[in-house]
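Asks: Residue numbers (my numbering), protein chains in the order written: chain A, 538 to 883; chain B, 538 to 883. Sending over a structure as structure tokens; questions will come in a sec.
Protein chains: 2
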Amino acid sequence: MTNLQRPVRITDVAALAGVSPGTVSKALNNTGSLKESTRQRIKAAAEQLGFVPDPDARWLAARRSYTVGLLSVDAAGRFSIPVMLGAENALAAGEMSALMATTRYDPVREAYHLKTFRARRVDGIIVTGRTTDPRPPIRTDIPVVYAFAPSTDTSDASVVPDDADGMAKIIDHLLDRGRRRIAHIGGRPHKHASEVRADTAVSVLKERGLTLAAPPLFGEWSEEWGRRAVDQLLAGLGARTTGPDRRTDQDDLGVDAITCGSDQIARGVTDRLRELGIGVPERIAVTGFDNWEVMALASRPPLTTIDLLLEDLGRRAAELLLDAIGGRPHHGIELTPMELVPRAST
Amino acid sequence: MTNLQRPVRITDVAALAGVSPGTVSKALNNTGSLKESTRQRIKAAAEQLGFVPDPDARWLAARRSYTVGLLSVDAAGRFSIPVMLGAENALAAGEMSALMATTRYDPVREAYHLKTFRARRVDGIIVTGRTTDPRPPIRTDIPVVYAFAPSTDTSDASVVPDDADGMAKIIDHLLDRGRRRIAHIGGRPHKHASEVRADTAVSVLKERGLTLAAPPLFGEWSEEWGRRAVDQLLAGLGARTTGPDRRTDQDDLGVDAITCGSDQIARGVTDRLRELGIGVPERIAVTGFDNWEVMALASRPPLTTIDLLLEDLGRRAAELLLDAIGGRPHHGIELTPMELVPRAST
């Protein structure tokens with residue numbers, strides 16, 4: 538049907554299938570919401586033409602390597618991995634390959650990887666971090682997008698999860714459930730995520746004419762802190778917590794919900810409340826944050842929590858980077874929404 | 538001192554610093570055990586010559602891309618990530634870059650990534666898996682090493698953690714601690730890791746003239762299964778487990794140690810034993826498997842467990858691949874050792 542003397546291009550596949558090159562890319566990567574018949578037609582066209590994305594040929598034409606560097610300070614991290622995965626997926630859908638490089642908090646290693654990225658002529662770089670605390674920018678003329686940990690330079694493009702959005706969804710959910718005396722057990726003090734989550738609990742309640750049942754507590758991102766914080770909170774509220782369930786049932790605990798800064802903390806909170814014979818959610822509803830499933834599902838009861846949608850965040854970072862590579866750079870911090878995941882703890 | 542008209546090569550840096558090119562690579566990557574003064578001298582030499590690894594130049598010379606494809610079916614996986622990180626680190630030390638590609642169990646996606654790897658002329662491919670169950674080989678003439686999940690084709694090179702080594706270390710440790718009545722709570726039945734771990738417990742005890750205190754139990758890789766299995770085990774042994782600690786202290790439980798197929802299971806076991814008032818490790822020692830720190834450290838008490846040393850496994854896979862790229866392919870399954878991590882649960 539078609540007999541080409543030059544390498545087959547994505548535009549040839551698009552022409553044969555009667556769709557746009559972007560649709561071809563989606564079909565071949567099994568992304569996007571295409572009709573199955575369209576997807577099959579495009580795959581048949583690619584197969585028929587023997588289409589193989591050829592980055593070298595494209596690079597010669599476009600002076601682009603169709604490669605993006607993914608630089609992670611902490612690839613073992615629970616947060617950076619889904620961000621990198623989301624970015625890798627979005628890049629693959631755009632026929633870009635991802636070079637993976639981890640720095641392990643070592644500036645020398647970071648400098649080495651940046652040199653390598655340059656030597657390999659990457660079209661752009663995505664930098665992920667371990668926390669949402671801002672990090673110093675990378676000095677380079679290659680387009681860069683910061684994902685999860687924003688750049689301290691506000692003229693850079695950064696994509697950061699919207700902790701305030703997540704906590705507002707938690708508070709709205711608890712108020713919907715009829716809870717009015719809400720306490721907050723936060724993570725490590727002075728961390729960006731800790732502060733935004735606690736501050737948002739206060740401000741959303743204030744909009745409804747309410748206040749926290751007790752001043753927010755801060756400690757660690759750990760189960761052990763969650764367990765200790767329960768005792769601290771209840772002591773501060775003057776609740777008697779010794780004795781079996783029957784007895785505490787008659788006490789006024791002064792609190793009917795506890796929002797936690799993380800799923801780990803919330804799991805410690807539910808464990809301690811169970812030990813004290815205080816029913817969750819009957820007497821106190823408990824919420825986590827992160828939707829770290831191994832914690833949230835193993836908790837008794839399973840935790841209502843907030844999913845940070847980190848793969849979506851990674852995908853968004855890739856989109857901003859592709860824009861920048863295409864000559865349309867973004868600036869400033871873009872916040873990505875979170876999702877409430879209701880479970881038995883509320 | 539040196540004025541080169543051609544691109545600076547690693548051999549130029551080596552000559553100026555008076556070391557081998559391999560030592561230059563180690564120094565610039567901060568790997569290996571070099572004297573700090575040597576490292577500094579090499580870095581100064583690289584800086585002075587303006588050395589930047591140039592993969593394109595090298596590729597033209599050597600017909601190599603100095604790029605390796607890391608193909609993961611499950612990059613979000615707790616097991617595949619450390620393997621990929623170990624491989625990436627070893628490759629960076631060898632001045633190879635890692636192209637990251639995740640297939641998410643989708644054969645079409647796998648085929649797409651393999652096409653891309655070919656188009657980018659990767660020198661080799663490392664394939665990681667989600668479990669240690671064997672997987673079908675990849676059909677390609679590019680060198681491939683399978684890491685964690687071996688190839689079903691025994692002429693392929695695979696690197697797999699030595700579960701038998703790990704469980705033997707656990708049993709030896711418990712026998713050293715004077716435990717003689719050991720029971721085993723395994724993970725999902727018919728999985729390779731499950732079977733090897735249980736079979737090894739039996740065979741190592743047999744070598745010492747001992748048997749398991751009860752037939753091994755199999756269920757799920759979950760805390761919930763660990764909690765349930767405790768009741769099943771103790772009921773099977775005829776132990777009375779109701780009542781506070783004082784009473785069970787006088788019962789003969791018929792078991793003084795429980796080896797578990799994973800840290801998650803072991804955590805469920807310690808939780809249930811605590812609820813039953815049975816002291817860990819005083820009355821029953823408990824061991825995990827995996828050294829998944831969030832589980833092993835949050836357990837009360839923290840778990841004695843086995844570290845799979847997955848980064849070392851990834852590094853070893855990279856070494857085998859570099860050998861194959863250099864014309865010295867390996868064949869068959871290589872088992873990598875594990876490490877006992879003793880903590881308070883024994």
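Beta carbons: idealized from backbone N, C-alpha and C, even for Gly.
Does the beta-carbon of residue 676(A) have 16 or more other beta-carbons within 10 angstroms, so that it is buried, or is it exposed?
Replies: Stepping through the first sequence from its first residue, residue 676(A) is reached at position 139. Exposed, since its Cβ has fewer than 16 Cβ neighbours within 10 Å.
Asks: By DSSP, does residue 548(A) sit in helix, in strand, or in coil?
Replies: By 1-based counting over the first sequence, the position of residue 548(A) is 11. Here residue 548(A) sits in helix by DSSP.
Asks: Which residues does DSSP pair with residue 878(B) in a beta bridge?
Replies: The residue you call residue 878(B) lines up with position 341 of the second sequence. Paired residue(s): 842(B).
Asks: Output the boundary residues of the alpha helix (DSSP H) element that contains residue 802(B).
Replies: Position 265 of the second sequence holds residue 802(B). Run containing residue 802(B): 800-812, per the alpha helix (DSSP H) assignment.
Asks: With C-beta atoms as the reference, is residue 607(A) less than 8 Å away from residue 640(A)?
Replies: Indexing the first sequence from 1 puts residue 607(A) at position 70. Indexing the first sequence from 1 puts residue 640(A) at position 103. Taking 8 Å as the Cβ cut-off, residue 607(A) and residue 640(A) do not qualify as a contacting pair.
Asks: Which residue's Cα is closest to the Cα of residue 523(A): 877(A), 728(A), 858(A) and 874(A)?
Replies: Since the first residue shown for chain A is 538 and the last is 883, residue 523(A) is missing from the structure and cannot be characterised.
Asks: What first and last residue would you give for the alpha helix (DSSP H) that runs through residue 729(A)?
Replies: Walking along the first sequence from the start, residue 729(A) turns up at place 192. From DSSP, the alpha helix (DSSP H) with residue 729(A) extends over 729-744.
Asks: Between residue 696(B) and residue 660(B), what straight-line distance do the alpha-carbon atoms span, to the nearest angstrom?
Replies: Position 159 of the second sequence, counting from 1, holds the residue named residue 696(B). Position 123 of the second sequence, counting from 1, holds the residue named residue 660(B). Looking at the two C-alpha atoms, the distance is approximately 19 Å.
Asks: Does the contact criterion of 3 or more C-beta pairs under 8 Å hold for the segment 820-838 of chain B versus the segment 673-689 of chain B?
Replies: Cβ pair count under 8 Å is below three, so no.
Asks: Please classify residue 720(A): is it buried, with 16 or more other beta-carbons within 10 angstroms of its beta-carbon, or exposed?
Replies: Within the first sequence, the letter at position 183 stands for residue 720(A). By the 10 Å Cβ count, residue 720(A) comes out buried.
Asks: Please state whether DSSP places residue 586(A) in a helix, a strand or coil.
Replies: As a working note, residue 586(A) is residue 49 in the first sequence. Three-state result, residue 586(A): helix.
Asks: Of the residues that make up the segment 665-692 of chain B, which ones have a beta carbon closer than 9 Å to any beta carbon in chain A?
Replies: Per Cβ criterion, the list is empty.
Asks: Compare the Cα-Cα distances from residue 842(A) to each of 863(A), 852(A), 803(A) and 571(A) and report the closest residue.
Replies: The residue you call residue 842(A) lines up with position 305 of the first sequence. It is 803(A).
Asks: Smallest Cα separation from residue 703(A): which of 715(A), 730(A) and 688(A)?
Replies: If you number the first sequence from 1, residue 703(A) lands on position 166. The shortest C-alpha separation from residue 703(A) is found at 730(A).
Asks: Can you have a look at residue 801(B) and say buried or exposed, based on whether 16 or more other CB atoms are within 10 angstroms of its CB?
Replies: By one-based count along the second sequence, residue 801(B) stands at place 264. Residue 801(B) comes out buried.
Asks: Tell me whether the segment 544-558 of chain B and the segment 857-875 of chain A touch, counting them as touching only if at least three CB pairs, one residue from each stretch, are closer than 8 Å.
Replies: These segments do not touch.
Asks: Starting from residue 665(A), trace the beta strand (DSSP E) in both directions and tell me its first and last residue.
Replies: By one-based count along the first sequence, residue 665(A) stands at place 128. Where residue 665(A) is concerned, the enclosing beta strand (DSSP E) stretches over 661-665.
Asks: How is the beta strand (DSSP E) around residue 606(B) delimited, first residue to last?
Replies: Residue mapping note: residue 606(B) aligns to position 69 of the second sequence, counting from 1. It spans 604-609 - the beta strand (DSSP E) in which residue 606(B) sits, taken as one unbroken run.
Asks: Just the C-alpha distance for residue 759(B) and residue 570(B), rounded to the nearest angstrom, thanks.
Replies: Position 222 of the second sequence, counted from the first residue, corresponds to residue 759(B). Position 33 of the second sequence, counted from the first residue, corresponds to residue 570(B). Approximately 41 Å, taken between the alpha carbons.
Asks: How about residue 799(A) and residue 827(A): are their beta carbons less than 8 Å apart?
Replies: For this step, residue 799(A) is matched to residue 262 along the first sequence. For this step, residue 827(A) is matched to residue 290 along the first sequence. Contact flag set, yes.
Asks: Chain A partners of residue 607(B), CB-CB under 8 Å?
Replies: Within the second sequence, numbered from 1, the residue matching residue 607(B) stands at position 70. Per Cβ cutoff of 8 Å: 637.
Asks: In chain order, what residues of the segment 575-588 of chain B put their CB closer than 7 Å to some CB of chain A?
Replies: Against chain A - using a Cβ distance shorter than 7 Å - the segment 575-588 of chain B contributes no residues.
Asks: Please name the residue, chosen from 751(A), 761(A), 762(A) and 756(A), that lies closest to residue 772(A) on a Cα-to-Cα basis.
Replies: To locate residue 772(A), count along the first sequence from 1; it is residue 235. If we check each option's Cα against that of residue 772(A), 751(A) comes out closest.
Asks: Shorter than 8 Å from the beta carbon of residue 653(B) to some beta carbon of chain A?
Replies: As a first step, residue 653(B) is located in the second sequence; it is residue number 116 there, counting from the start. Chain A, which has a Cβ nearer than 8 Å to the Cβ of residue 653(B), makes this yes.
Asks: DSSP three-state call for residue 624(B): helix, strand or coil?
Replies: Locating residue 624(B) in the second sequence gives position 87, where the first residue counts as 1. Helix, per DSSP.
Asks: I need the straight-line Cα distance from residue 725(A) to residue 757(A), nearest angstrom please.
Replies: As a first step, residue 725(A) must be located in the first sequence, where it is residue number 188. As a first step, residue 757(A) must be located in the first sequence, where it is residue number 220. Whole-angstrom Cα-Cα distance: 5 Å.
Asks: Against chain A, with Cβ distances strictly below 8 Å, would residue 649(B) count as a contact?
Replies: Position 112 of the second sequence holds residue 649(B). Taking Cβ atoms only, chain A reaches closer than 8 Å to residue 649(B), which makes this a yes.
Asks: Beta strand (DSSP E) containing residue 684(A): first to last residue?
Replies: If you number the first sequence from 1, residue 684(A) lands on position 147. First-last of the beta strand (DSSP E) with residue 684(A): 681-684.
Asks: Using only CA atoms, which one of 565(B), 829(B), 686(B) and 809(B) lies nearest to residue 651(A)?
Replies: Here residue 651(A) refers to the residue found at position 114 of the first sequence. Cα-wise, what sits closest to residue 651(A) is 565(B).
Asks: Residue 791(A) and residue 887(A) - do their beta-carbons sit closer together than 8 Å?
Replies: Not covered by the structure: residue 887(A). The range shown for chain A is 538 to 883.
Asks: CB-CB under 7 Å to residue 644(B), same chain, minus the five flanking residues each way: which ones, in chain order?
Replies: Position 107 of the second sequence holds residue 644(B). Hits under 7 Å: none found.
Asks: According to DSSP, is residue 704(A) helix, strand or coil?
Replies: Reading the first sequence from its first residue, position 167 is the one you call residue 704(A). Reduced to three states, the DSSP call for residue 704(A) is helix.
Asks: Figure out for me which residue from 814(B), 767(B), 710(B) and 877(B) has the closest Cα to the Cα of residue 723(B).
Replies: Residue numbering aside, residue 723(B) sits at position 186 when the second sequence is read from its first letter. Per the Cα distances, 767(B).
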